[in-house]
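Engineer: Below is a structure I'd like to ask you about.
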Amino acid sequence: MRKLFRNRILGATVVALALVAAACGSGEDADTEGPTIVVGSTNFGEQEILGEIFAQALENAGYPVETKFQLGSREVVNPALKDGEIDLMAEYTGTLLTFEGGTSSTDSDQTHNDLIAVMEPQGITVLDYAPAQDKNGFVVTAETAAEYGFEKVSDLASENGNLVLGGPPECPERPLCLQGLSDVYGLDFASFQPLDVGGPLTVAALEGGEIEVGLLFTSDGVIAAKGFVLLEDDENLQPAENIVPVLRTEVLDQYDSNLSDLLNDVAAEITTAELSELNKRFGIDAEDADTLAKEWLADNGF
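Counting from 9, one number per residue, gives the positions in the sequence shown under the working numbering.
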């Protein structure tokens, strides 16, 4: 069984060689001497994948890294970050802001800035956010998209009154679901079919033609696995949920700016479509998170 707690600190010989190489390099080389950076995650697959990506990127650059993945829910991992049990993790801007008592918005920049303001006094540095988001999304099958030319949520208006929407039972009363689709997009559906929260019932209903539009999570691996089309939320109904690395400021301050630059560069390359594909390979194809991260980093020049 794969160990989720792994010490990645380089051996003494390798460290010595790295220091010699650094001494021979240019003045722009990163200073990787400092405390071990403990990378953590909450208890689901996407979090472990993201944790591996950031941990391996640091390790590849010569930083001492330890991993503590699958620690538990946000209620467990958030205090672990603040208390120094872990130093770095991938978060979600809107969810973390709401967890900390703030109010998220549909604007990624605004949500990010508000999160910085909330976390900075607590000794947590919020770095740059990724393009990737994990939030509510509305999907159709590739066949439905091709038949009607659906690419954006607003495109559904061309078939107002003709489509069946499927989602969680509470969707009709939720402002981010049927209410929002009506109020923000002016959409009207032939009917609503109560199913589950982005789960197998919704997937089966889409594939079986019982519904034309279903609610899934934007980075869900099933989107890539089934070839579903994720409709662009072009009127910004859903709050921002960008992936973002958060790091204890005390640790960050013991390194030069190359550390934050590296993490920001990695985050900038993570897209929603790529994350969906990684989740599919992890959750459906049963590939290992560390192997997926290694491949992704190589493909993206890290």
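By construction, the Cβ of each residue, glycine as well, lies at the ideal position given by its N, Cα and C atoms. Source: prediction; values computed, not measured.
Go ahead and pull the three-state DSSP assignment for Thr51.
Structural biologist: Here the question's residue 51 lines up with position 43 in the sequence shown. Correcting the residue type first, residue 51 is Asn in the shown sequence and not Thr. Of the three classes helix, strand and coil, the one that applies to Asn51 here is coil, per DSSP.
Engineer: Tell me whether Thr44, by its Cβ, gets closer than 6 Å to a heavy atom of the ligand NAP.
Structural biologist: As for the ligand NAP, it is missing from this structure, which has no ligand bound.
Engineer: Drop a sphere of 10 angstroms on the beta-carbon of Thr75, count the other beta-carbons inside from all chains shown, and report buried for 16 or more, exposed for fewer.
Structural biologist: The count along the sequence shown starts at 1 and reaches residue 75 at position 67. Flag for Thr75 reads buried.
Engineer: Quick one: what does DSSP say Tyr100 is sitting in, helix, strand or coil?
Structural biologist: The residue given as residue 100 occupies position 92 in the sequence shown. Three-state DSSP puts Tyr100 in a strand.
Engineer: Check whether the Cβ atoms of Ala140 and Thr299 lie closer than 7 Å to each other.
Structural biologist: Here residue 140 refers to the residue found at position 132 of the sequence shown. Here residue 299 refers to the residue found at position 291 of the sequence shown. No; because the gap between Cβ atoms is not below 7 Å, this pair is not in contact.
Engineer: Which partner residues does Thr226 have in the DSSP bridge list?
Structural biologist: Here residue 226 refers to the residue found at position 218 of the sequence shown. Partner(s): none; Thr226 has no beta bridge.
Engineer: Mind checking whether Ala69 and Leu305 have CB atoms under 7 Å apart?
Structural biologist: If you number the sequence shown from 1, residue 69 lands on position 61. If you number the sequence shown from 1, residue 305 lands on position 297. No, these two residues do not count as a Cβ contact at 7 Å.
Engineer: Would you give the residue range spanned by the beta strand (DSSP E) that Phe310 belongs to?
Structural biologist: Position 302 of the sequence shown, counted from the first residue, corresponds to residue 310. No beta strand (DSSP E) holds Phe310; DSSP gives it neither H nor E.
Engineer: At the level of alpha carbons, what is the spacing between Gly102 and Ile132?
Structural biologist: Your numbering for residue 102 matches position 94 in the sequence shown. Your numbering for residue 132 matches position 124 in the sequence shown. Cα to Cα, Gly102 sits roughly 16 Å from Ile132.
Engineer: How long is the line joining the alpha carbons of Ala153 and Val161, rounded to whole angstroms?
Structural biologist: In the sequence shown, counting from the first residue as 1, residue 153 sits at position 145. In the sequence shown, counting from the first residue as 1, residue 161 sits at position 153. In a straight line, the C-alpha of Ala153 is about 11 Å away from that of Val161.
Engineer: When DSSP labels each residue in this structure, what does Gln118 get in the three-state scheme?
Structural biologist: On the sequence shown, position 110 is the one that residue 118 refers to. Three-state DSSP puts Gln118 in a helix.
Engineer: I'd like the list of long-range same chain contacts for Lys143, defined as Cβ closer than 6 Å, with 5 residues on each side in sequence excluded.
Structural biologist: Along the sequence shown, read from residue 1 onward, the residue named residue 143 stands at position 135. Once the five neighbours on either side are set aside, the close Cβ partners of Lys143 are Thr226, Gln246, Glu249.
Engineer: Distance check for Phe146 and Leu224, CA to CA, integer angstroms please.
Structural biologist: Numbered from its first residue, the sequence shown carries residue 224 at position 216. Numbered from its first residue, the sequence shown carries residue 146 at position 138. The alpha-carbon atoms of Leu224 and Phe146 are separated by roughly 6 Å.
Engineer: Judging by CA-CA distance, which residue of Asp269, Gln262, Thr257, Gly291 is the nearest neighbour of Ala233?
Structural biologist: Position 225 of the sequence shown, counting from 1, holds the residue named residue 233. Nearest option by C-alpha distance: Gly291.
Engineer: For the beta strand (DSSP E) that Thr133 lies in, which residues bound it at each end?
Structural biologist: Residue 133 sits at position 125 when you count from the first residue of the sequence shown. Taken as a continuous stretch (DSSP letters only), the beta strand (DSSP E) holding Thr133 covers 132 to 134.
Engineer: Give me, in chain order, the residues of the same chain whose beta-carbon lies closer than 7 Å to that of Asn308; leave out the 5 immediate sequence neighbours on both sides.
Structural biologist: Within the sequence shown, numbered from 1, the residue matching residue 308 stands at position 300. Glu277.
Engineer: Please return the same chain residues whose Cβ sits closer than 6 Å to the Cβ of Glu3, not counting the five positions on each side in sequence.
Structural biologist: No information on residue 3 is available, as it lies outside the stretch 9 to 310 that the chain covers here.
Engineer: Do you know how far the Cα of Glu54 is from the Cα of Glu303?
Structural biologist: Numbered from 1 along the sequence shown, position 295 holds the residue referred to as residue 303. Numbered from 1 along the sequence shown, position 46 holds the residue referred to as residue 54. One C-alpha to the other measures close to 15 Å.
Engineer: Under 7 Å Cβ to Cβ from Gly188, same chain only, skipping five residues before and after it: list those, please.
Structural biologist: One-based indexing of the sequence shown puts residue 188 at position 180. Excluding sequence neighbours, Gly188 sits near Leu245.
Engineer: With a cut-off of 8 Å, do at least 3 Cβ pairs link the segment 194 to 204 to the segment 213 to 221?
Structural biologist: Segments in contact, yes.
Engineer: Please classify Arg256: does DSSP put it in a helix, a strand, or coil?
Structural biologist: Taking the sequence shown and counting its residues from 1, one reaches residue 256 at position 248. The answer is strand: DSSP assigns Arg256 an E or B state.
Engineer: Is there contact here, the segment 40 to 49 with the segment 257 to 267, by at least three beta-carbon pairs under 8 Å?
Structural biologist: Touching, per the Cβ criterion.
Engineer: Going by the CB atoms, is the gap between Leu171 and Cys179 shorter than 7 Å?
Structural biologist: As a working note, residue 179 is residue 171 in the sequence shown. As a working note, residue 171 is residue 163 in the sequence shown. The answer is no: Cβ separation not under 7 Å.
Engineer: Can you list, in chain order, the residues of its chain whose CB lies under 7 Å from that of Leu238, leaving out five sequence neighbours each side?
Structural biologist: Translated into positions along the sequence shown, residue 238 becomes position 230. Correct list, in chain order: Gly145, Val147, Thr226, Ile231.
Engineer: Enumerate, from N- to C-terminal direction, the unbroken alpha helix (DSSP H) stretches of 4 or more residues contained entirely within the segment 161 to 215.
Structural biologist: Listed in chain order, the complete alpha helix (DSSP H) runs (minimum 4 residues) inside the segment 161 to 215 are 186 to 191.
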